[in-house]
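Everything on this sheet refers to the single structure shown next.
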Amino acid sequence: HYYTYATVVAMGLDPFDPQAVARVDELLHIRRAGSAANYPPLFYLFMQPWTLLPFRTAAIAWFLAGQACLLGSFLLCLRASAPVSPVRAVAALFVMLNFQPLLESAGLGQANLLLLLLVTLAWWGLRAGYPWVTAAAVAVAFHSKVQCGLLLPLLWWMGRRTESLGAAVLAGLGVGVSLIVLGPAHHQEYLRYVVAMPDYLLTWTANLSPRATFHRLFDASSLSPFAADSLWLVMGVGILIWCMRTIPSSLPTRSPAVDWAWGLGLCVMLLLSPLTEEHHLVVLLLPLTLLVVDRTDPPLRPRDVAMLVASILLLGSRYSFERFPAFHQGILTLLMTGKLLGVVGLTWVLAGRLRAQSQTPAMSR
């Protein structure tokens, strides 16, 4: 997908023109996903250097770059959490290397490892007091996955006005660059695609989002779209209100509470997104790693430990009922929500950790 559409853009063709894409497919003769150019326009400019290489060489280089992003993210977590118990570090590494969404992302050649590094850099910038690292990382993340735009209001709510405004300015500059290079037509087609997401994605069994779950649940009913979207909107508003009540409006720079607030924001981003696939869960390796290596007071309560272990198993294990048509719609589709329940469980643990950390004397001052 990335290589094909980056080549389309490099040739000056319209990535939303089926005939232009077909021409490039005939030229490249590579197997790709059949989806449209559904990434932000600037992303395909980011991918231009890879088109200078033959596809197989580019694929190997992309894979190695992803592993470097994964290693960089892990090392940043260890550095910011130092001193880290060797046992906890090994446990975190075990979780990471056995995380099914990570394996799927690597197998599909997705950009989630880059995104993991970006959200980790953004978090590290918050913890270390480097606002422009956070701003730049969030801006690039937004142009990689538009859902990351939710991180801008999160920064604002956390009291990080400089980072939020800086990210907005840099993201706006990115839009300006892509408008100049790619032209307004590409952006109009992309916005049209995002606003009017294809209907099949709303009942697609690989879409783990609450919105898609509601659509599959009511798929056999004549009220399906209205009931599903109404529930999703109510849920979304409820999550946002709860999130605003849970995350303090101002967090000290070096407080561990920043870790849990940022992780909570990543979970909420996935819950509110209308399209969440299993490989998108890779970004949750950041809060999972931080929770596993965490040694700050107060320690996790036994029930929080149990919920964390359950969430890791639900998120990281390899399982699926997708091959069984009976689970694709109606009440039985709820049995396909294991990964979604893992996100909810992790959200619960992070919220509890944030509340506990917010009540410490350092946070109370």
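Anchor point for the sequence shown: position 9 equals 53 in this note's numbering, and the numbering is continuous, going up by one each time. Glycine included, each C-beta is placed from N, C-alpha and C at the ideal position. Every value quoted in this text rests on a predicted model; they were computed, and no experiment measured them.
Checklist entry - Between which two residues does the alpha helix (DSSP H) harbouring CYS113 extend? => result 99-125
Checklist entry - Under the three-state reduction of DSSP, which class applies to TYR363: helix, strand or coil? => result coil
Item to check | Bounding residues of the alpha helix (DSSP H) (the contiguous stretch that carries ALA260) | outcome: In the sequence under discussion, the amino acid at residue 260 is Arg, which differs from the Ala named in the question. Here the alpha helix (DSSP H) through ARG260 covers 254-261.
Checklist entry - Ordered along the chain, which non-local residues of its own chain (more than five positions away) have a Cβ less than 6 angstroms from that of ASN156? => result SER149, HIS323 and VAL326
Checklist entry - At what residues does the alpha helix (DSSP H) containing TYR237 begin and finish? => result 228-239
Checklist entry - Considering only residues of the same chain and omitting the five flanking positions on each side of SER408, which have a CB-CB separation below 6 angstroms? => result A caution first: SER408 carries a pLDDT of 42, below 50, which makes its placement in the model unreliable, though a value can still be read off. So no residue of the chain qualifies.
Item to check | DSSP-derived helix/strand/coil call for MET313 | outcome: helix
Next on the checklist: Measuring only the C-alpha atoms, how far is PRO85 from LEU384?
Outcome noted: 29 angstroms
Item to check | Closest by C-alpha distance to ALA54, when choosing among TYR234, SER222 and LEU358 | outcome: SER222
Next on the checklist: Determine whether the beta carbon atoms of SER293 and TRP176 lie at a separation below 9 angstroms.
Outcome noted: no
Checklist entry - alpha helix (DSSP H) containing GLN144: first to last residue? => result 144-152
Checklist entry - Since ASP273 is in the alpha helix (DSSP H), which residue starts that stretch and which ends it? => result 268-290
Checklist entry - Mapping DSSP to helix, strand and coil, what is TYR174? => result coil
Next on the checklist: For a test of the three-state rule: what should DSSP assign to TYR244, helix, strand or coil?
Outcome noted: helix
Next on the checklist: Suppose you measure from the CA of LEU217 to the CA of LEU328; what does that come to, to the nearest Å?
Outcome noted: 28 angstroms
Checklist entry - With respect to the alpha helix (DSSP H) encompassing ASP341, which residues constitute its N-terminal and C-terminal limits? => result Taken as a continuous stretch (DSSP letters only), ASP341 belongs to no alpha helix (DSSP H), as it is neither H nor E.
Item to check | Residues of its chain near THR164, where Cβ-Cβ distance is below 6 angstroms and the 5 sequence neighbours each way are ignored | outcome: SER117, LEU120 and LEU330
Checklist entry - What number of angstroms, rounded off, separates the C-alpha of TYR234 from the C-alpha of PRO228? => result 10 angstroms
Item to check | Neighbourhood of LEU394 by C-beta, 7 angstroms cutoff - its chain only, sequence neighbours within 5 removed | outcome: TRP304, GLY307, LEU308, CYS311 and PRO331
Checklist entry - Are three or more beta carbon pairs between the stretch 180-197 and the stretch 129-141 nearer than 8 angstroms? => result no
Checklist entry - What is the DSSP secondary structure of ALA81, reduced to helix, strand or coil? => result coil
Checklist entry - Looking at C-alpha atoms only, which residue of PHE270, VAL278, THR206 and PHE365 is the closest neighbour of THR381? => result PHE365
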